[in-house]
Amino acid sequence: MTTTVARWRTARFLLDVVRAIRREVGDDFHLQAKISVTDFNNAVLPWEGKGNTKRESIKVCRWLEAAGVDAIHVSSGSLFPHPRNPAGALPVDALAKTYDTMVSSGRYAFRNLVIFRTPPLSQAFRWWWEHNRGPRVEAINLPDARAVKRAVGVPVLCTGGFQTASVIRAAITAGDCDAVTIARPLIANNELVELFRAGHDRAPRPCTYCNKCLVNVIENPLGCYEESRFASRDEMLAQIMSVYEPAFPASIMGDPVANGAIETRAKTVQDASPA
Ligand SMILES: Cc1cc2nc3c(=O)[nH]c(=O)nc-3n(C[C@H](O)[C@H](O)[C@H](O)COP(=O)(O)O)c2cc1C
Ligand code: SF4
Numbered sequence: 003m004t005t006t007v008a009r010w011r012t013a014r015f016l017l018d019v020v021r022a023i024r025r026e027v028g029d030d031f032h033l034q035a036k037i038s039v040t041d042f043n044n045a046v047l048p049w050e051g052k053g054n055t056k057r058e059s060i061k062v063c064r065w066l067e068a069a070g071v072d073a074i075h076v077s078s079g080s081l082f083p084h085p086r087n088p089a090g091a092l093p094v095d096a097l098a099k100t101y102d103t104m105v106s107s108g109r110y111a112f113r114n115l116v117i118f119r120t121p122p123l124s125q126a127f128r129w130w131w132e133h134n135r136g137p138r139v140e141a142i143n144l145p146d147a148r149a150v151k152r153a154v155g156v157p158v159l160c161t162g163g164f165q166t167a168s169v170i171r172a173a174i175t176a177g178d179c180d181a182v183t184i185a186r187p188l189i190a191n192n193e194l195v196e197l198f199r200a201g202h203d204r205a206p207r208p209c210t211y212c213n214k215c216l217v218n219v220i221e222n223p224l225g226c227y228e229e230s231r232f233a234s235r236d237e238m239l240a241q242i243m244s245v246y247e248p249a250f251p252a253s254i255m256g257d258p259v260a261n262g263a264i265e266t267r268a269k270t271v272q273d274a275s276p277a
């Protein structure tokens, strides 16, 4: 009972936030809510409660629509990260190096660091994490998005592993969602959308869902840290460090010469033959 009441209080907090933002920004400002439709709160610790269920979250989505959101973005998991978001591997070797940065930030952070740095424990934890994700990565949240889509009138976006044009097209064509959102596959292949436009169903070197980008970002620049995607470690590091040398600095965006360069770059990708 207490847990259910706590859940509804959390929903009320979310709705208060949405209404307050809407009051501030007015009606012509796009306001979207990202919601974990199924919490799977006991995915890592089986003795914990399940958290929000799909049925409860659908009610919350209807309230969000009534409170004035322009779209709902479907995700999952009560923690971040969670075995189901970003769905993929748990790179404990990389965590053993970067997680020290978190030690002052949470009650269980030191315990977690000890787990990540103690090989038999870290391998067991990794197995447990990946076992609780389940076999599906791409479109992992699509069943939840479909349920939300049937319940609300505003557009529904879906996150979770999308990087195959035919999978994305099928999801939208079936009416399971209005759009997908993409995070890691765009870190791996910044030009993924241009590759789709050029006829590729998938990038030649797709994201492996290793989650090394996620565990590095707490200490290192955002980028793809999956060495198997590169010819060498140096090539990988060069690409990561390229974030400090943007090809098109904000100061020249909008400039006709810069726009010409952007179009040329897009065409180069377009000309690449499909895999
Ligand atoms: C480095 C990194 C940082 C992220 N930060 C956030 C965040 O601040 N808020 C959020 O809702 N999701 C965050 N996410 C989750 C993504 O938005 C997305 O839901 C998730 O990665 C699954 O999508 P993907 O398979 O396209 O990566 C993050 C993901 C990554 C990889
Ligand atoms: S490190 Fe690269 S391959 Fe691994 S999940 Fe991140 S973007 Fe994908």
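Quick note on numbering: the working numbering labels position 22 of the sequence shown as 24, and the sequence is numbered without any gaps. Think of the CB as a built atom: it goes at the ideal place given N, C-alpha and C, for glycine as much as any other residue. Values in this document were obtained by computation on a predicted structure and should not be read as measured data.
Query	Result
Return the chain-ordered list of same chain residues with a C-beta closer than 7 angstroms to the C-beta of Arg119, the five sequence neighbours on each side being excluded.	Ala98
Please identify the residue among Val46, Glu58, Lys61 and Asp41 whose C-alpha is closest to the C-alpha of Lys52.	Asp41
Can you check which of these residues, Ala22, Phe232, Leu224 and Pro121, is closest to Tyr293 by C-alpha distance?	Limits of the chain in this structure are 3 at one end and 277 at the other, which puts residue 293 out of reach.
Under 6 angstroms from any heavy atom of ligand 2, does the C-beta of Glu228 make it?	yes
Rounded to whole angstroms, what's the CA-CA distance from Thr166 to Asn218? Just pull it up for me.	25 angstroms
So, do the region 100 to 117 and the region 61 to 70 have three or more beta carbon pairs nearer to each other than 8 angstroms?	no
With respect to 6 angstroms, is the separation between the Cβ of Thr161 and the closest non-hydrogen atom of ligand 4 below this value?	Ligands displayed in this structure: ligand 1 and ligand 2; ligand 4 is not among them.
Rounded to whole angstroms, what's the CA-CA distance from Val139 to Asp29? Just pull it up for me.	36 angstroms
Can you determine whether any heavy atom of ligand 2 sits closer than 6 angstroms to the C-beta of Arg204, and answer yes or no?	no
Roughly how many angstroms lie between the CA atoms of His133 and Phe127, to the nearest whole one?	10 angstroms
So for Leu66, helix, strand or coil by DSSP?	helix
Please give the ranges of any alpha helix (DSSP H) in the region 190 to 253, keeping only runs that are unbroken, at least 4 residues long and fully inside the region.	194 to 199, 214 to 218 and 235 to 243
What number of angstroms, rounded off, separates the C-alpha of Ala22 from the C-alpha of Asp146?	27 angstroms
Distance check for Ser59 and Ala1, CA to CA, integer angstroms please.	The structure shown does not extend to residue 1, since the chain is modelled only from 3 to 277, so the question has no answer here.
With a Cβ-Cβ cutoff of 7 angstroms, do Val20 and Ala69 count as a contact?	yes
If you draw a straight line from the C-alpha of Gly155 to the C-alpha of His32, how long is it?	15 angstroms
So what's Lys36 in DSSP terms, helix, strand or just coil?	strand
Under the DSSP definition of a beta bridge, which residues are partnered with Leu159?	His75 and Ala181
Give me, in chain order, the residues of the same chain whose beta-carbon lies closer than 7 angstroms to that of Arg148; leave out the 5 immediate sequence neighbours on both sides.	Asp178
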